[in-house]
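Trainee:
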Amino acid sequence: MTDVPDVVCRSLCLAGSLSLLQVPYHTIFYSALTMDGKRLVISLFASVFFSASAMASAEKDLLLDRVYEQAGLERQLDWVHDSMTLPPQRYAIPEPVVDTVNQVVKIRYSSDYFRTSMKSTLDEAMTMGELAQLIDWFESPLGQKVLSLEAEANKPENREQMAAYIKKLSDTAPRQDRVLLIEELMATLDTVELSTELTASATLGAQRMLQEVMPVKQQPRELSADEWSHIQQQMMEKMLGILLYTYRSLPDDEIQQYLDFARESAMQNFQRGQIQALSRMF
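Residues in the sequence shown are numbered from 38 upward in steps of one, following my numbering.
1) Following the continuous alpha helix (DSSP H) through K192, name the residue where it begins and the one where it ends.
2) Would you call the region 93-102 and the region 152-165 in contact, with 3 or more CB pairs under 8 Å?
3) When the distance is taken between beta carbons, is I312 closer than 7 Å to L260?
4) Which residues in the same chain have their Cβ closer than 8 Å to the Cβ of K97, if we skip the five residues on either side of it in sequence?
5) Terminal residues of the continuous alpha helix (DSSP H) containing R300?
6) Taking DSSP as the reference, what is the three-state secondary structure of Q256?
7) Contact criterion: CB-CB distance below 7 Å. Does D263 meet it with respect to chain D?
8) Are L296 and L186 touching if we call contact CB-CB under 7 Å?
9) Near T283, what residues of its chain come up, given a Cβ to Cβ distance below 7 Å and the 5 sequence neighbours on each side ignored?
10) Would you say the beta carbon of Y105 comes nearer than 6 Å to a heavy atom of the ligand FAD?
11) With a threshold of 6 Å on Cβ separation, who are the neighbours of M318 within its own chain once the five nearest residues in sequence on each side are excluded?
12) Quick one: what does DSSP say D227 is sitting in, helix, strand or coil?
13) Is it buried or exposed for V78, if we count other Cβ within 10 angstroms and need 16 for buried?
14) Return the Cβ separation of V229 and M276 in integer angstroms, given the expectation that the two are a contact with Cβ distance under 8 Å.
15) Pull up the distance between the alpha-carbon of A200 and that of L206, whole angstroms please.
16) Using the Cα positions of L179 and Q140, report the straight-line distance between them to the nearest angstrom.
17) Using C-beta distances below 8 Å, list every residue in its chain close to K182, excluding the 5 sequence neighbours before and after it, in chain order.
18) With distances taken from CA atoms, which of L171, M163 and S316 is nearest S94?
19) Would you check if there are 3 or more beta carbon pairs closer than 8 Å linking the region 126-145 to the region 256-272?
20) Which stretch, first to last residue, makes up the alpha helix (DSSP H) that contains F175?
21) My assumption, with CB atoms under 8 Å, is that M121 sits in contact with V142. Please give the rounded CB distance.
22) Here's a check: name, in chain order, each residue in its chain whose Cβ is nearer than 7 Å to the Cβ of Q248, leaving out the five neighbours to either side.
23) If you run the structure through DSSP and keep just helix, strand and coil, what is A210?
24) What are the complete beta strand (DSSP E) segments, minimum 3 residues, inside the region 119-144?
25) For L171, tell me which candidate among T225, I279 and N306 has the shortest Cα-Cα distance.
26) Our contact map puts L218 next to D289 with C-beta atoms below 8 Å; I'd like the distance itself, whole angstroms only.
27) Would the beta-carbon of A262 fall within 7 Å of that of T158?
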């Protein structure tokens with residue numbers, strides 16, 4: 038595989054050399070007339086630097102777009118809508134309020150807003166080298182297989198099948214070494230902690246939105262330590278079942294390969310960046 042940092046360095050060097058050709062000739066001429074030699078060098082260097090930075094930024098934006106599409110991050114928007122939308126007649130809330138909240142959810146969490154927010158946070162969380170490394174992984178045969186299995190498991194029509202599989206685990210548990218392998222993957226990806234953090238953010242966000250529509254004296258509050266611990270325990274059991282179901286067709290050696298890549302900073306920062314982006318949206 039091509040060494041990612043070298044690719045990035047060559048791109049930046051190329052951008053720097055080409056940017057010399059992009060400085061308008063009249064700017065150089067005017068600077069030569071009004072500045073001494075030292076200030077002229079500084080002026081030209083600044084022009085080159087900002088031009089190279091702009092090109093690097095554009096290149097990184099393209100990488101972010103590829104990651105966004107390859108990972109199917111748009112699917113997470115469905116989870117956001119499900120988390121924030123109030124089911125009719127489930128709560129003792131006036132129907133007009135429920136309708137207003139749900140309308141606000143549709144408007145606020147639009148596809149464009151979601152994409153922009155997610156890319157902005159991943160831009161902060163990941164370097165160009167890490168994005169390129171992540172793209173290489175997604176395009177590898179195993180990366181493609183993992184993405185396909187995750188997409189399939191997250192389809193609404195497969196929820197009942199997943200629930201039935203998880204229910205059977207109490208009677209027909211997988212091999213212990215298989216369970217330990219999945220638990221190690223969960224720990225490496227920090228699945229439980231990040232899922233708990235996301236649940237807490239969504240809960241607080243739902244309270245805030247409801248207060249915007251129907252002001253009440255009680256202020257939105259964050260989860261207590263006991264509530265956090267309780268959700269963590271639930272997440273541990275739930276995520277183990279979900280991952281055992283999702284990767285049930287992957288042999289142990291491919292799970293191990295996935296685990297090896299999950300330890301890389303590219304995947305670590307990708308995981309954390311997604312959760313940060315979602316938490317900020319709430």
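Note that the Cβ used here is the ideal one computed from N, Cα and C, for glycine as well.
Mentor: Here's the rundown:
1) K192 -> no alpha helix (DSSP H), and no H or E assigned at all.
2) Contact check between the region 93-102 and the region 152-165: three or more CB pairs, one atom from each, fall below 8 Å, which counts as touching.
3) The Cβ atoms of L260 and I312 lie no closer than 7 Å to each other.
4) Result list for K97: D160, M165 and L168, in chain order.
5) Per DSSP, R300 belongs to no alpha helix (DSSP H) and is neither H nor E.
6) In the structure shown, Q256 sits in coil (DSSP, three-state: anything other than H, G, I, E or B).
7) Among the chains of the structure shown, chain D does not appear; only one protein chain is present.
8) Cβ atoms of L296 and L186: not closer than 7 Å.
9) L186, E187 and A190, listed in sequence order.
10) The model depicted lacks the ligand FAD and carries no ligand whatsoever.
11) If you ignore the 5 residues before and after M318, its C-beta comes within less than 6 Å of the C-beta of S154, all in its own chain and listed in chain order.
12) Coil at D227, not helix or strand.
13) With a pLDDT of 47 at V78, under the threshold of 50, the modelled position of that residue is not reliable, and no figure is offered here.
14) About 6 Å separates the CB atoms of V229 and M276; that is less than 8 Å, so the two are in contact.
15) Those two C-alpha atoms are separated by around 10 Å.
16) Straight through space, the alpha carbons of Q140 and L179 are spaced by roughly 40 Å.
17) So the list reads L287 and E291, once near-sequence residues are dropped.
18) For S94, the closest alpha carbon among the candidates L171, M163 and S316 is that of M163.
19) The region 126-145 is not in contact with the region 256-272.
20) Unbroken alpha helix (DSSP H) run through F175: M165 to E176.
21) Sure, about 5 Å apart at Cβ, within 8 Å.
22) Non-local beta-carbon contacts of Q248 in its own chain, meaning distances under 7 Å to residues more than five positions away in sequence, involve P257 in chain order.
23) In the three-state scheme derived from DSSP, where H, G and I count as helix and E and B as strand, A210 is classed as coil.
24) None, since the region 119-144 contains no complete beta strand (DSSP E) of that length.
25) Ranking T225, I279 and N306 by Cα distance to L171 puts N306 first.
26) About 6 Å separates the two Cβ atoms, so the contact holds.
27) Going by C-beta atoms, A262 is not nearer than 7 Å to T158.
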